[in-house]
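Residue numbers (mature numbering (1 follows the signal peptide of the UniProt record, and there is no 0)): -16 to -1, 1 to 133.
From the three backbone atoms N, C-alpha and C, an ideal C-beta is built for every residue, glycine too.
Please read all numbers here as calculations on a predicted model, not as lab measurements.
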Amino acid sequence: MRLVPLFALIALPALADAPLFVLDQTRLPFDLGPGAPQNAPARITNSPHAAANSAASPANSAARYANSPGNPANEKRVIFTADGAVVGYYAPNGAGTLNLFDLGGKRVAYRPKGSKSLFSDDGRWCGTVADASGGGFAFGMIRDCAGLF
């Protein structure tokens, strides 16, 4: 886990491409919230038990080098808060799932392929993903899920 201290030293959001912000679920447009069919927690492809999303899958584990905090590629995929604090990183798996990890490599949430939503490992709806200007993503999460970082 060589890069964990390096992540902690990164203070400039310009080095991180994924801002994290807390959102109010009640103020989201329908197509970004859990009520939209493609974002529903009950949808089979969004389930934490679906093979592509499963925490038990090696493709979603921080033990896999591609998802590890020790992988230099993840240094360019950090997640930061409004005050510039780096709280984690994201890594795609080969099946289209986007995993969000804290700095220690614990998976906090995932975005299934074909969904605009983030889900916790237990399948709770956590928020939404937007494309950030200039590339990358922006993660809007409800307070309970953002607190998992």
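When the Cα atoms are used, what is the spatial distance from residue i to residue j?
i, j, result
"Phe133", "Pro42", "21 Å"
"Ala20", "Ser99", "10 Å"
"Gly17", "Asn23", "7 Å"
"Ala114", "Ala57", "21 Å"
"Arg11", "Gly54", "37 Å"
"Ser38", "Ser52", "17 Å"
"Gly111", "Leu7", "8 Å"
"Ala40", "Ala26", "19 Å"
"Ile126", "Trp109", "9 Å"
"Ala46", "Arg91", "7 Å"
"Tyr49", "Gly89", "11 Å"
"Gly120", "Asp1", "5 Å"
"Gly78", "Asn44", "9 Å"
"Ala66", "Ile28", "33 Å"
"Ser101", "Val62", "19 Å"
"Tyr74", "Ala130", "14 Å"
"Asp15", "Ala34", "22 Å"
Does residue i have its Cβ less than 7 Å from a Cβ in chain B?
i, result
"Ser38", "Considering every chain present, this structure includes no chain B. It has just one protein chain."
Confirm, please, whether the CB-CB distance from residue j to residue i is below 7 Å.
i, j, result
"Gly72", "Phe85", "yes"
"Pro3", "Ala93", "no"
"Leu82", "Arg95", "yes"
"Pro32", "Asp128", "no"
"Gly124", "Phe5", "yes"
Have a look at the DSSP bridge pairing and note the partners of residue i.
i, result
"Ile63", "Ala2 and Gly72"
"residue 222", "Outside the displayed span of the chain (-16 to 133) sits residue 222, for which this structure offers no information."
"Ser101", "Thr112"
If you follow the beta strand (DSSP E) that residue i is part of, which residue opens it and which one closes it?
i, result
"Asp115", "Trp109 to Asp115"
"Ala122", "Phe121 to Met125"
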